[in-house]
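Heads up: the protein sequence lines correspond to chains A and B, in order. If you read the first sequence in numbering that gives the first Met the number 0, its first letter stands for residue 0, the second for the next number, and so on. If you read the second sequence in numbering that gives the first Met the number 0, its first letter stands for residue 0, the second for the next number, and so on. The next block holds one structure in the form of structure tokens; read it before the comments.
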Amino acid sequence: MIIRTLIAATLIGAAGLAPALAADEPQVVRQDLMKKNGKDLGVLVKMVKGEAPFDAAQAQAALTEIHGVASEFGAYFPEGSETGFDTEAAPAIWSDRAGFDKAVAQFEADAKTAMDAAPADLDALKAVFGPLTKNCGACHETYRLKNS
Amino acid sequence: MSRLAIGLGVAAVAAAATAFVLTMPKPVQSARLETISGLEGDPVAGEAVFWAGGCASCHAAPGAEGDALKVLSGGVRLKSDFGTFIGPNISPDPEHGIGGWSVADFANAMLAGVSPDGGHYYPAFPYGSYARMSDKDIADLFAFLKTLPASATASLPHELGFPFNIRRTLGGWKLLFFSDQPRVALASDDPALVRGQYLVEGPGHCGECHTPRNALGGFKTDAWLAGAKNPEGEGVIPNLTPGGKSIGSWSAADIAYYLESGFTPDFDSVGGSMVDVQKNMAHLPGSDREAIAAYLKALPDRPDGWK
Chain A
0 MIIRTLIAAT
10 LIGAAGLAPA
20 LAADEPQVVR
30 QDLMKKNGKD
40 LGVLVKMVKG
50 EAPFDAAQAQ
60 AALTEIHGVA
70 SEFGAYFPEG
80 SETGFDTEAA
90 PAIWSDRAGF
100 DKAVAQFEAD
110 AKTAMDAAPA
120 DLDALKAVFG
130 PLTKNCGACH
140 ETYRLKNS
Chain B
0 MSRLAIGLGV
10 AAVAAAATAF
20 VLTMPKPVQS
30 ARLETISGLE
40 GDPVAGEAVF
50 WAGGCASCHA
60 APGAEGDALK
70 VLSGGVRLKS
80 DFGTFIGPNI
90 SPDPEHGIGG
100 WSVADFANAM
110 LAGVSPDGGH
120 YYPAFPYGSY
130 ARMSDKDIAD
140 LFAFLKTLPA
150 SATASLPHEL
160 GFPFNIRRTL
170 GGWKLLFFSD
180 QPRVALASDD
190 PALVRGQYLV
200 EGPGHCGECH
210 TPRNALGGFK
220 TDAWLAGAKN
230 PEGEGVIPNL
240 TPGGKSIGSW
250 SAADIAYYLE
260 SGFTPDFDSV
270 GGSMVDVQKN
280 MAHLPGSDRE
290 AIAAYLKALP
300 DRPDGWK
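Laid out in structure tokens, this is it:
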């Protein structure tokens, strides 16, 4: 009984400490990549919605960074990272790896198209925005599960 | 002794008879059916009801997109604690779909969960929400469905174990949980709120996913839209009341924009089964999305329903 409590206490202690030491864990890296993705997308959405003036340099920086995330992201889902660190990655990533890899490849291809298009005005940005952002929901539909 | 036995026997028969009567399917009252049958359905208005009701999510072919969402040939598999339901063909095909139905048949299905041959439908067909729909929306939706292409794909049987495979047992479920009354009392009669309540509690059937259920599959009434475990496995369906972790900090405009675009205020993107719902919501007029947002902001604050 005492031993069990001790073990439990140790485990809880470890879990409590872990996030602080976890910057390199794949679960954390991929969440940070996605957060960056969200931030860059925010820059574009504000322009598309007309809440911010179109700025070609800012748009290009965001598109380039999104392409960077898209090229890197798929590498951070090794076996053993299915749970932990509050991950919202769905089990389908591991049970249907081919489907997930395809979604990542599509995202990367559409991000490259958008980056290479180097939109010079708002209409050009709008033209690449739709095909690019279709990827977000399409992948989250199957491969991301909210946990709160 | 024997008198007691007879007494018990009589009581048992009476109980069985009561149960039999109580679990009998109850169609919509004939006066209301007459009113609905007398309406001239408007298919253009009916299309908006179709998207608000999300019919395509369960009745189009699995994975359908674009125009294929309007071919209601069925086949989507819906997993639940009671087994797997398979969305039937509701295209205008007279043999495999509902081409031979009257608007009264349709009203009975949507508003009372009763089939043309007088049986109960399973609540996997969310008539427990649709029961709040207006006569006009029923007539308009039926008129719209009739304009869609017919499909000759046969409906598949549900995959359910005993006792859930016995439709009559649903009478008990209806007795306990079926209601066409408001889910929450709102303090104001602001028309936007009233419209939002209608859309969310009625055609939008948002509670079917976002409200936790008890062991018998009925809503926990004190936890309306407070979030629930994902019925399809891991993860949760978020709490939509002001007590929700994300939505608690969203403005009404943020909620309306999420329903339009799928983006949250911190530019996360919609996922899971909400992707289809959001795409449906994007078809509605902006004023309807704003009404839904106003209603969600006015909900009573609740802790997360899955805890």
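C-beta atoms are modelled at their ideal positions from N, C-alpha and C, and glycine is treated no differently. No experiment lies behind these values; they were computed from the predicted model shown.
Handout entry: For H95/B, three-class secondary structure by DSSP
Key = coil
Problem - P237/B at chain A interface by Cβ criterion, 8 Å - result: yes
Practice task
Under 7 Å Cβ to Cβ from A119/A, same chain only, skipping five residues before and after it: list those, please.
Solution key: A55
Exercise for the section: Classify H119/B as buried or exposed, calling it buried when 16 or more other Cβ atoms lie within 10 Å of its own Cβ. Expected result: buried
Problem - Length of the line joining the Cα atoms of G261/B and L21/B - result: 44 Å
Handout entry: Test: P130/A CB closer than 8 Å to a CB of chain B
Key = no
Practice task
Mind checking which residues open and close the alpha helix (DSSP H) that includes G37/A?
Solution key: P25 to K48
Problem - Exposure label - D115/A; buried when at least 16 CB within 10 Å - result: exposed
Problem - Cross-strand partners of L295/B (DSSP beta bridge) - result: Note: L295/B sits in no beta bridge, so no partner.
Handout entry: Sequence-distant residues of the same chain with beta carbon closer than 7 Å to V199/B, five excluded per side
Key = C205, I291 and Y294
Problem - Under 7 Å (Cβ pairs) to chain A, residues found in the stretch 259-284 of chain B - result: G261, F262, D265, F266, D267, S268, V269, G270, G271 and V274
Practice task
State the DSSP-derived secondary structure class of K228/B, mapped to helix, strand or coil.
Solution key: strand
Exercise for the section: Please name the residue, chosen from R194/B, W172/B, L174/B and G170/B, that lies closest to P181/B on a Cα-to-Cα basis. Expected result: R194/B
Exercise for the section: Mark A104/A as exposed unless 16 or more other C-beta atoms lie within 10 angstroms of its C-beta, in which case mark it buried. Expected result: exposed
Practice task
Rounded to whole angstroms, what's the CA-CA distance from R131/B to L110/B? Just pull it up for me.
Solution key: 7 Å
Handout entry: Three-state secondary structure assigned by DSSP to F84/B
Key = strand
Problem - Outcome for P156/B when other beta-carbon atoms lying within 10 angstroms are tallied against a minimum of 16 - result: exposed
Handout entry: Cβ distance (whole Å) where D41/B is taken to contact A106/B below 8 Å
Key = D41/B to A106/B, Cβ: 16 Å. No contact.
Handout entry: Entirely enclosed alpha helix (DSSP H) segments - the stretch 164-238 of chain B, minimum 4 residues
Key = 169-176, 190-200 and 206-209
Problem - Top-ranked residue by Cα proximity to N229/B, from L77/B, A63/B and C54/B - result: L77/B
Handout entry: 8 Å Cβ shell around I85/B - same chain, five flanking residues per side excluded
Key = G73, G74, V75, R76, L77, S154, L155, P156, H157 and E158
Practice task
Report all residues from its chain with a CB closer than 8 Å to the CB of D100/A; omit the five preceding and five following residues, and keep chain order.
Solution key: G73
Handout entry: chain A residues whose Cβ lies nearer than 9 Å to that of G304/B
Key = Within chain A, no residue comes near G304/B; the closest Cβ sits about 12 Å away, beyond 9 Å.
Exercise for the section: Entirely within the stretch 249-279 of chain B and at least 3 residues each: give me those beta strand (DSSP E) ranges in chain order. Expected result: none
Practice task
Answer yes or no: does any C-beta atom of chain B fall closer than 8 Å to that of V44/A?
Solution key: yes
Practice task
Compare the C-alpha of F379/B against each of D139/B, L239/B and E231/B and name the closest.
Solution key: A question about residue 379/B goes unanswered here, because the residues of chain B that appear run from 0 up to 306.
Problem - S147/A in three-state terms, based on DSSP - result: coil
Exercise for the section: Could you please give the first and the last residue of the uninterrupted beta strand (DSSP E) stretch that includes K69/B? Expected result: Premise fails: K69/B is in no beta strand (DSSP E) and is neither H nor E.
Problem - Local conformation of H119/B per DSSP, three classes - result: strand
Practice task
Take A151/B as the anchor and find which of L32/B, P211/B, V70/B and E233/B has the nearest alpha-carbon.
Solution key: V70/B
Exercise for the section: Can you grab the Cα-Cα spacing for the pair L16/A / T82/A, in whole Å? Expected result: With a pLDDT of only 43 at L16/A, under the threshold of 50, the placement of this residue in the model should not be trusted; the figure read from the coordinates follows. Taking the straight line joining both Cα atoms gives about 16 Å.
Exercise for the section: May I ask you to report which of helix, strand or coil DSSP gives E158/B? Expected result: strand
Handout entry: 8 Å Cβ cutoff met for L208/B and I236/B
Key = It should be noted that the sequence gives Cys, not Leu, for residue 208/B. Going by C-beta atoms, C208/B is nearer than 8 Å to I236/B.
Exercise for the section: Using a Cβ cut-off of 8 Å, pull out every chain A residue sitting near K78/B, in sequence order please. Expected result: Chain A residues near K78/B: none, gap ~14 Å exceeds 8 Å.
Practice task
Output, in chain order, the set of chain B residues within a Cβ distance shorter than 9 Å of G37/A.
Solution key: F262, T263, D265, F266, D267 and S268
Exercise for the section: Taking a Cβ distance cut-off of 9 Å, strictly less, list which residues of the stretch 111-127 of chain A are near chain B, in chain order. Expected result: none
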